[in-house]
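Enquirer: Quick one: this structure, given as structure tokens, is what I'll be asking you about.
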Amino acid sequence: MKIATRLIQSAIRVLSLFMLVLGFMFWSGRSLEMVPVHMRLGEILVSLLWILAAMGLRAGVKPGLVLGAMLYGVIVVAFGLRMGTLLPGRAHEAIRILHFLIGLGAIGLAESIGVRIRRRLLT
Ligand code: HEM
159 MKIATRLIQS
169 AIRVLSLFML
179 VLGFMFWSGR
189 SLEMVPVHMR
199 LGEILVSLLW
209 ILAAMGLRAG
219 VKPGLVLGAM
229 LYGVIVVAFG
239 LRMGTLLPGR
249 AHEAIRILHF
259 LIGLGAIGLA
269 ESIGVRIRRR
279 LLT
């Protein structure tokens, strides 16, 4: 389980980097044709977060954290899929910032669960 945790965490880190690089390119108005790629990678990232959360549950990580992460994953995908339709016009900048922060939250949750699984496996 330790190796699987490391592998999933590494995959999430690599995907996070891609998500952020692509996201900031969109923000500056470039590479918008890559939005569907960004969305599919985001869905994969969330799927990996769910797998990590399930592993956390098995490893004895606090259920509140892992169940919260599972629910949070649904919010990340639902928000990402609908963000194009939310607050059109200038106010859309707020949606973009919110989406960015929600994405960072998912990355942070994966890190936090990964660390806790590995700590649990050591004791
Ligand atoms: C999980 C981590 C994620 C991170 C860190 C992330 C980050 C970003 C950033 C920085 C932007 C540019 C600013 C903005 O327009 O909001 C962006 C745009 C976008 N993201 Fe994400 N994202 C993530 C997940 C997702 C997911 C799961 C979806 C959908 C399934 C998604 C769909 C989109 C869309 C549609 C855009 C708008 C592109 C445009 O400006 O037209 N993202 N993302």
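In this note's numbering, each number is its position in the sequence shown, counted from 1, plus 158.
Note that CB positions come from ideal geometry on N, CA and C, so glycine has one too.
By the three-class DSSP mapping on this structure, what secondary structure does M183 have?
Expert: Residue numbering aside, residue 183 sits at position 25 when the sequence shown is read from its first letter. Helix.
Enquirer: The ligand HEM heavy atoms versus the CB of L253: any closer than 8 Å?
Expert: Along the sequence shown, one-based indexing puts residue 253 at 95. One detail in the question is off: residue 253 reads as Ile in this sequence, not Leu. Correct: I253 has its Cβ closer than 8 Å to the ligand HEM.
Enquirer: How is M159 classed by DSSP in three states: helix, strand or coil?
Expert: Sequence index remark: in the sequence shown, residue 159 carries index 1 (1-based). In the structure shown, M159 sits in coil (DSSP, three-state: anything other than H, G, I, E or B).
Enquirer: Would L206 pass as a contact of A227 if the rule is Cβ separation under 9 Å?
Expert: Position 48 of the sequence shown holds residue 206. Position 69 of the sequence shown holds residue 227. Going by C-beta atoms, L206 is not nearer than 9 Å to A227.
Enquirer: Are the CB atoms of I260 and I170 within a distance shorter than 9 Å?
Expert: Against the sequence shown, residue 170 aligns to sequence position 12. Against the sequence shown, residue 260 aligns to sequence position 102. Taking 9 Å as the Cβ cut-off, I170 and I260 do not qualify as a contacting pair.
Enquirer: In chain order, which alpha helix (DSSP H) runs of at least 4 residues are fully inside the region 168-246?
Expert: Whole alpha helix (DSSP H) segments, 4+ residues: 193-217 and 221-240.
Enquirer: Specify, as a first and last residue, the run of the alpha helix (DSSP H) that R254 falls within.
Expert: As a position in the sequence shown, residue 254 is number 96, starting the count at 1. H250 to L280 is the span of the alpha helix (DSSP H), which, as asked, contains R254.
Enquirer: Is it the case that the Cβ atoms of G222 and W208 are separated by a distance below 9 Å?
Expert: Position 64 of the sequence shown holds residue 222. Position 50 of the sequence shown holds residue 208. No; because the gap between Cβ atoms is not below 9 Å, this pair is not in contact.
Enquirer: On a CA-only basis, which of R188, S186 and L203 is nearest G263? Give me that one, please.
Expert: By one-based count along the sequence shown, residue 263 stands at place 105. Checked all of R188, S186 and L203; the closest Cα to G263 is L203.
Enquirer: Report the CB separation of R278 from A217 in whole angstroms; it is logged as a contact under 8 Å.
Expert: As a first step, residue 278 must be located in the sequence shown, where it is residue number 120. As a first step, residue 217 must be located in the sequence shown, where it is residue number 59. Their Cβ separation, rounded to whole angstroms, is 5 Å, which keeps R278 and A217 in contact under 8 Å.
Enquirer: I'd like to confirm something about I209: is its beta-carbon nearer than 8 Å to some heavy atom of the ligand HEM, or not?
Expert: Numbered from its first residue, the sequence shown carries residue 209 at position 51. I209: no, Cβ never under 8 Å from the ligand HEM.
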